[in-house]
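In what follows, a single structure is set out as structure tokens and then discussed.
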Amino acid sequence: MADEQKPDKAMAGMLKRKNVWPPASAGEECPDAATLAAYFDRSLSASEVSLCELHFSACSRCQEQLAALARSEPPSAAKPAADEKPAFSWLWDWRWMAPVGAAVVVFVFYVSFKTMNAPTGSMSGGEIVAKREAAAPAPAASKPEKPAEPAPAKSDAAADAVSSTKTLSADLQQKSRRELDELHRKNAATALEPAPVAQALKDKGARSAEVASGVVASRALLKPAEEEKQVAAAESRVIVAQPPTAVVSGAMQTETAKTENRAAETSRAQAVPSPDAAPSVQSIQKQGRAIGAADAKEPAAPAVAGAQAKKQAALKKESTSGQQDTASSRYALEAEPQSKAKLLNALGEIIVTSPNSKAIWRLGSAGQIEHSRDAGKSWETQTSPAQESFLSGSASSESICWVGGSNGVLLRTMDGGENWESIPSPTKRGIVNLKASDQLSVTLTAADGHTFETRDAGAHWRAR
Amino acid sequence: MPGAQKLLEAHASRIDKLLERAEATASAYGGVSHSPLVDAIRRSVASRFRDSVPARGDVAAYLDSLYIEDLALATACREASEPAWEHFVSRFRSDLYSAARAICRHDEAAARELADSLYAELFGAGRGASSERSRGGGQQGSGERRSLFDYFHGRSKLATWLRAILSQRFVDSVRASRRTESLDDEQTEQEVISIGGRRVAPESDPDRARYLSLLQVALTSALAALPPHERLRLAYYYVQDLTLAEIGRLLDEHEATVSRHLDRTRGKLRKQVEHALRAEKRLSDAQIRLCFEYAVEEWPFDLTRALSERE
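As given, the protein sequences belong to chains A and B, one line each in that order.
Using my numbering, read the first sequence as starting at 929 and increasing by one per residue.
Using my numbering, read the second sequence as starting at 3 and increasing by one per residue.
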């Protein structure tokens, strides 16, 4: 053993022995349980603490009691020590935060600077104008190479276009500005975030690539400050054509993609005002079905014929009514007469309708059930015994409804949802399809493809 | 304390606010009568300022620091309110048993007995005292049974107070059954020879016993000279075998702080011991080293293992 450790070991060994410790003063009473508890909870005054500790330091009985008290405290009840630093307090140490913060600021400025040169739709018209005007020389100076892909073409062609379009008639600018302002006001009302047009459209297929090019080309007609406004306006029209929710199911997305493309083309064509820029306009017309109007007109409902136009108009009107996530508007999205039994609305919720369409149940995740007795005008939340996500439902009448969910969860109500009861399920897999005949009879299909039916409300099941 | 009532009267508005706070939580168990609660507050103030005249603002600060919600529940239980008892049981019973298990170091039988006896005493005494009060019409005197809840003054949480009672009872029962070492032996050089129950063989080193006794006396003096807070920290660590976290909880310090202070105190003790041996007992450095060597042989202590287990 090292010589320097011997004194420490000697001391430690001796400190373990109680007879080295000075005894408590004779006649001194130990504090009662209330005082011990108050000391432990740090409720004593400073003078009381000093007196107590003077006694505790010499009284093994009190030390043992306090030791037992410390052992018995639940971990969750422990309070942080007075000198304890909060978790991750090292994060707020200026010695490393300062240089890192400076580096982050520089990086942000660099990214912002680069972003300003690239066309985006995420900025408002005003911001775009301000940034464009501030950075006007830069895009001209930075000419990227000729694009070979649609995505690069977006930014590269835009840079080229910006540098080549310096003039535009004053009235054209004013009209464009008015049009853009109106669109942005509508966008603000619906709280929709215009996504980058070219990128959004590109995601919807080859056709989108052409449109994207067209967008870029159209932007080439305008002065940089206005070009972004036009893009934003076109974007907003595209967005307006989408359902007013962020989540769009796959089927609907495909369906709306084509509509959006046509709507975007038409809108852009309408927004292209200048006959002076005929060559570029014609190029757009070649790429799309642009109308080529001379003056920018009020972007009314997209000039797409047929049911699609009506739907677009309905959706646009719906989205411009403000941030009203009302039941009626949500329900209106899925109000297709031919598919009442089970619909998936824009939020991924299951819609189950009674045969007479008066009663509707809306099934969500985590066991959520909502019910409407007036065809979706008003909704009430119902108490569900399940916590799982629902996958299917079937209503045989206004009062009888069966719902199935993950892990074989199967519920039934016979009073319109006032009470939901769990029904014994033949499967532990998710129930993806239900067909109810009445309150006793139902046929279900599990996620593994097996089908079962019961005629006695789940007491017995028969595989089909 | 006769002035307690006057003190309360001087802080009537503060008392009213306390009663409002109490009512807000007492609604969960049917409320609590104001009169017994005010009486409980009066007893609490009297207990606090029993030995001193409160300075200005002390009473107000004291009243504000009360755990009035817990005091209200204890008062309601003392008044044998059934809803209050149900609330007490649902809230505290399981924690009481968990605490007893921890105190008894997971001896289930001892823990259950400890918790059951306390619970029975609280329940039975509370009801008995209430009955006597209702029969006697508030008669004071030796005939009235005091509820255990009378000793809860709201200076701590009710849960902590219950655990403190458990701790006290457990320690007292262990100390009563333990063969205790004499804590009041005077430390003399001659008596140290019998430390550890072994007589030191005189032929090995005639100075061995003397060195050991000198070392022990020097250490005791050094400990007595320590501030109480430092001495308490050392005692928790070496005598009570508490972990750094437990010591920190008791002393309101972080574990790292406890460890740092322990190291510093050990170093301070060592310097004081060596100084005392050198300056007062005129020992040389070699003799001092011998003192420590004999101490290690006499009272072996695996410092490294102990520190690693605790930290």
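Glycine is no exception: its CB is placed at the ideal position from the N, C-alpha and C atoms.
Where Val-275 (chain B) falls: helix, strand or coil (DSSP):
Counting from one through the second sequence, the residue named residue 275 (chain B) turns up at place 273. Correct three-state label for Val-275 (chain B): helix.
Classify Lys-273 (chain B) as buried or exposed, calling it buried when 16 or more other Cβ atoms lie within 10 Å of its own Cβ.
Taking the first residue of the second sequence as position 1, residue 273 (chain B) is located at position 271. Per the 10 Å Cβ criterion, exposed.
Relative to the C-alpha of His-155 (chain B), which candidate in B:Ile-70, B:Ala-112 and B:Thr-222 has its C-alpha closest?
Counting from one through the second sequence, the residue named residue 155 (chain B) turns up at place 153. The option with the nearest alpha carbon to His-155 (chain B) is B:Ile-70.
Using the C-alpha atoms, what's the distance from Gly-1304 (chain A) back to Val-1125 (chain A)?
In the first sequence, the residue the question calls residue 1125 (chain A) occupies position 197. In the first sequence, the residue the question calls residue 1304 (chain A) occupies position 376. With a pLDDT of only 45 at Val-1125 (chain A), under 50, the local geometry of the prediction cannot be trusted, and the value read off the model is given with reservation. Their Cα atoms are separated by approximately 34 angstroms.
Could you tell me whether the Cβ of Leu-252 (chain B) comes closer than 9 angstroms to any Cβ of chain A?
Numbered from its first residue, the second sequence carries residue 252 (chain B) at position 250. It does; some Cβ of chain A falls within 9 angstroms.
Using the DSSP secondary-structure output, state which residues sit across from Arg-1340 (chain A) in a beta bridge.
Working through the first sequence from its first residue, we reach residue 1340 (chain A) at position 412. Arg-1340 (chain A) pairs with A:Trp-1330 and A:Glu-1349.
Quick check on Ala-281 (chain B): buried or exposed, where buried means 16 or more other Cβ atoms within 10 Å of its Cβ?
The residue you call residue 281 (chain B) lines up with position 279 of the second sequence. By the neighbour-count rule (16 or more Cβ atoms within 10 Å), Ala-281 (chain B) is not buried but exposed.
Taking Phe-984 (chain A) as the query, report the chain B residues whose CB atoms sit under 7 angstroms from its CB, ordered along the chain.
Within the first sequence, numbered from 1, the residue matching residue 984 (chain A) stands at position 56. Ordered by position in chain B, the residues that pass the 7 angstroms Cβ test against Phe-984 (chain A) are Leu-234.
Cβ of Lys-937 (chain A) within 9 angstroms of Cβ of Val-241 (chain B)?
Against the first sequence, residue 937 (chain A) aligns to sequence position 9. Against the second sequence, residue 241 (chain B) aligns to sequence position 239. Cβ atoms of Lys-937 (chain A) and Val-241 (chain B): not closer than 9 angstroms.
As assigned by DSSP and simplified to three states, the class of Phe-1041 (chain A):
Mapped onto the first sequence, residue 1041 (chain A) falls at position 113. Correct three-state label for Phe-1041 (chain A): helix.
Just to check my reading of the structure: Pro-85 (chain B) and Tyr-121 (chain B) have Cβ atoms closer than 8 angstroms, yes? What is that Cβ distance to the nearest angstrom?
The count along the second sequence starts at 1 and reaches residue 85 (chain B) at position 83. The count along the second sequence starts at 1 and reaches residue 121 (chain B) at position 119. At roughly 18 angstroms, the Cβ-Cβ gap does not stay under 8 angstroms, so Pro-85 (chain B) and Tyr-121 (chain B) are not in contact.
Alpha carbon to alpha carbon, how far is Leu-168 (chain B) from Asp-97 (chain B)?
Along the second sequence, one-based indexing puts residue 168 (chain B) at 166. Along the second sequence, one-based indexing puts residue 97 (chain B) at 95. Approximately 12 angstroms, taken between the alpha carbons.
Are any of the Cβ atoms in chain A nearer than 9 angstroms to that of His-36 (chain B)?
Counting from 1 along the second sequence, the entry for residue 36 (chain B) is found at position 34. Not closer than 9 angstroms to any Cβ of chain A, the Cβ of His-36 (chain B) fails to qualify, so no.
Which class does Ala-1303 (chain A) belong to by DSSP, given the choice of helix, strand or coil?
Position 375 of the first sequence holds residue 1303 (chain A). Of the three classes helix, strand and coil, the one that applies to Ala-1303 (chain A) here is coil, per DSSP.
Around the Cβ of Asn-1347 (chain A), are there at least 16 other Cβ atoms within 10 angstroms (buried) or fewer (exposed)?
On the first sequence, residue 1347 (chain A) is found 419 positions in, with the first residue counted as 1. Exposed: under 16 other Cβ atoms inside 10 Å.
Assess contact between the segment 1343-1360 of chain A and the segment 1306-1326 of chain A, defined as three or more Cβ pairs (one per stretch) separated by less than 8 angstroms. Is contact present?
yes
Going along the segment 219-248 of chain B in order, which residues come within less than 7 angstroms of chain C, judged by CB to CB distance?
Of the protein chains in the structure, A and B, none is chain C.
What is the C-beta distance between Gly-1400 (chain A) and Trp-87 (chain B), in whole angstroms, given that I count them as a contact (C-beta under 8 angstroms)?
Examination of residue 1400 (chain A) is not possible in this model, given that chain A is present from 929 through 1392 alone.
Relative to the C-alpha of His-13 (chain B), which candidate in B:Tyr-64, B:Ser-29 and B:Pro-38 has its C-alpha closest?
Reading the second sequence from its first residue, position 11 is the one you call residue 13 (chain B). For the residues B:Tyr-64, B:Ser-29 and B:Pro-38, the minimum Cα distance to His-13 (chain B) belongs to B:Tyr-64.
May I ask which residues mark the beginning and end of the beta strand (DSSP E) holding Gly-250 (chain B)?
Residue numbering aside, residue 250 (chain B) sits at position 248 when the second sequence is read from its first letter. Segment 246-253 is the alpha helix (DSSP H) holding Gly-250 (chain B); no beta strand (DSSP E) there.
Leaving aside the five residues before and after Ala-1233 (chain A) along the sequence, list all residues of the same chain whose C-beta is less than 7 angstroms from its C-beta, in chain order.
Here residue 1233 (chain A) is taken as the residue at index 305 of the first sequence, counted from 1. Confidence at Ala-1233 (chain A) is low in this model, with a pLDDT of 47, below 50, so the placement of that residue is unreliable and no value is reported for it.
Any C-beta of chain B under 9 angstroms from that of Leu-964 (chain A)
Numbered from 1 along the first sequence, position 36 holds the residue referred to as residue 964 (chain A). Yes, its Cβ sits closer than 9 angstroms to a Cβ of chain B.
9 angstroms Cβ cutoff, Ala-974 (chain A) in contact with chain B:
On the first sequence, residue 974 (chain A) is found 46 positions in, with the first residue counted as 1. Not an interface residue.
Measuring CA to CA, which of A:Leu-964, A:Val-1032 and A:Ile-1279 is closest to Ser-158 (chain B)?
The residue given as residue 158 (chain B) occupies position 156 in the second sequence. Comparing Cα positions, the closest option is A:Leu-964.
Taking Trp-87 (chain B) as the query, report the chain A residues whose CB atoms sit under 9 angstroms from its CB, ordered along the chain.
Against the second sequence, residue 87 (chain B) aligns to sequence position 85. Neighbours of Trp-87 (chain B) on chain A: none; closest Cβ ~21 angstroms, over 9 angstroms.
Should Ala-12 (chain B) be flagged as near chain A, meaning a C-beta pair shorter than 9 angstroms?
To locate residue 12 (chain B), count along the second sequence from 1; it is residue 10. Not one chain A Cβ lies under 9 angstroms of Ala-12 (chain B).
How far does the alpha helix (DSSP H) with Gly-5 (chain B) in it reach, from first residue to last?
Indexing the second sequence from 1 puts residue 5 (chain B) at position 3. Per DSSP, Gly-5 (chain B) belongs to the alpha helix (DSSP H) from 5-12.
Are the C-beta of Glu-956 (chain A) and some C-beta of chain B separated by less than 9 angstroms?
In the first sequence, the residue the question calls residue 956 (chain A) occupies position 28. Not an interface residue.
Starting from Phe-154 (chain B), follow the alpha helix (DSSP H) in both directions and report where the run begins and ends.
Counting from 1 along the second sequence, the entry for residue 154 (chain B) is found at position 152. No alpha helix (DSSP H) contains Phe-154 (chain B), which DSSP labels as neither H nor E.
Tell me, please, which residues DSSP counts as bridged to Thr-162 (chain B).
Taking the first residue of the second sequence as 1, we reach residue 162 (chain B) at position 160. According to DSSP, which records beta bridges pairwise, Thr-162 (chain B) is partnered with nothing at all.
Compute the Euclidean distance between the alpha carbons of Val-91 (chain B) and Cys-293 (chain B), then round it to the nearest angstrom.
Within the second sequence, residue 91 (chain B) is the residue found at index 89, counting from 1. Within the second sequence, residue 293 (chain B) is the residue found at index 291, counting from 1. Looking at the two C-alpha atoms, the distance is approximately 58 angstroms.
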